[in-house]
Ligand SMILES: [Zn+2]
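In the working numbering, the protein residues as written are -9 to 263.
Below is the structure:
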């Protein structure tokens, strides 16, 4: 235990608030790396990156304090208009799991309330009828192919599928693979690129990236959060797939939209590009 000095400073407070959930504060030791810490605490490196603003996860700073949820999971702050149903869909899970994890006796929730979403519940409702899963719960705001560009108003080719969703909505890896790029990329803003066989999957306009280059991701690994970085008219995910370096229509790879958590088709009041 010498290498792992664990401070349970938030322990009692968190237990009081969330019942079955607590946060562990961990101080980075010389020689630590994210992968080993994640393994030690039985969480995904993505969870640690999501909970802590680590600018370069491959170069952790000795002495830096990070927090790790135990068990693994997410905190969601309820917003006006949310229901347990919509929150469950955002995490591709079921209402009963959220009620159980938060000891809720009714489905009444109020704005500002913090809910714990256990990792083991996330993905319960993923539709896996095809090789890819829908990466985010939102509204298809711009299809793949030729269309009027929302910013330039000119006819242009859209290389991916836009799914509008509120800023901060979790984005899950659509398929398994290895992260090949993270960072700023011209019009894409903050982007994650995952290599999966001969395919490259791009997640653009993120507000936050929760994977690092070289990380192995599975279907459902949190790759980041929805944002509006780069050329964008509002918070949305630009989801792009390249097969042998050519873009393809992501809809061909995804489960049919009638069976998944996509709210509706439309472009009104939704981000694009
Ligand atoms: Zn787009």
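Even glycine gets a Cβ: it sits at the ideal position worked out from N, Cα and C.
Quick caveat: nothing in here was measured; it's all calculated off a predicted structure.
So does residue 228 have its beta carbon nearer than 6 Å to some heavy atom of ligand 1? Flag set: Cβ of residue 228 near ligand 1.
Less than 6 Å between the CB of residue 150 and some heavy atom of ligand 1, yes or no? Answer for residue 150: yes, Cβ within range of ligand 1.
Are at least three pairs of beta-carbons, each pair with one atom in the stretch 211 to 222 and one in the stretch 157 to 172, less than 8 Å apart? Counting Cβ pairs under 8 Å, three or more are found: they touch.
Give the straight-line distance between the Cα atoms of residue 41 and residue 13, rounded to the nearest whole angstrom. C-alpha of residue 41 to C-alpha of residue 13: approximately 10 Å in a straight line.
Taking the alpha carbon of residue 33 as the reference point, which residue from 191, 62 and 49 has its own alpha carbon closest? For residue 33, the closest alpha carbon among the candidates 191, 62 and 49 is that of 62.
Buried/exposed call for residue 80, threshold 16 Cβ in 10 Å: The residue is buried, with at least 16 neighbouring Cβ atoms inside 10 Å.
Answer yes or no: do residue 299 and residue 122 have a C-beta to C-beta separation smaller than 7 Å? An answer regarding residue 299 cannot be provided, because it is not within the stretch -9 to 263 covered by the chain.
Roughly how many angstroms lie between the CA atoms of residue 208 and residue 184, to the nearest whole one? Rounded to the nearest whole angstrom, the C-alpha separation of residue 208 and residue 184 is 10 Å.
Is DSSP giving residue 115 helix, strand or coil here? Annotated three-state conformation of residue 115 is coil, per DSSP.
Hey, residue 70 and residue 17 are a contact pair by Cβ (cut 8 Å); roughly how many whole angstroms apart? So it is not a contact: roughly 38 Å between Cβ atoms.
Using a 10 Å radius around the Cβ and a threshold of 16 neighbouring Cβ atoms, would you call residue 49 buried or exposed? A residue is called buried once 16 or more other Cβ atoms fall within 10 Å of its Cβ, and residue 49, having fewer, is exposed.
Can you tell me whether DSSP reads residue 152 as helix, strand or coil? Residue 152 falls in the strand class under three-state DSSP.
How big is the Cα-Cα spacing for residue -9 and residue 108? Unreliable placement is indicated for residue -9, whose pLDDT of 40 sits below 50; no coordinate value is reported for it.
Closest by CA to residue 164, which one among 147, 118 and 176? It is 118 whose Cα lies nearest to the Cα of residue 164.
Residue closest to residue 275, alpha-carbon to alpha-carbon, out of 95, 194, 187 and 168: The structure shown does not extend to residue 275, since the chain spans only -9 to 263, so no value can be given for it.
Boundaries (first-last residue) of the beta strand (DSSP E) holding residue 193: 189 to 199 is the extent of the beta strand (DSSP E) around residue 193.
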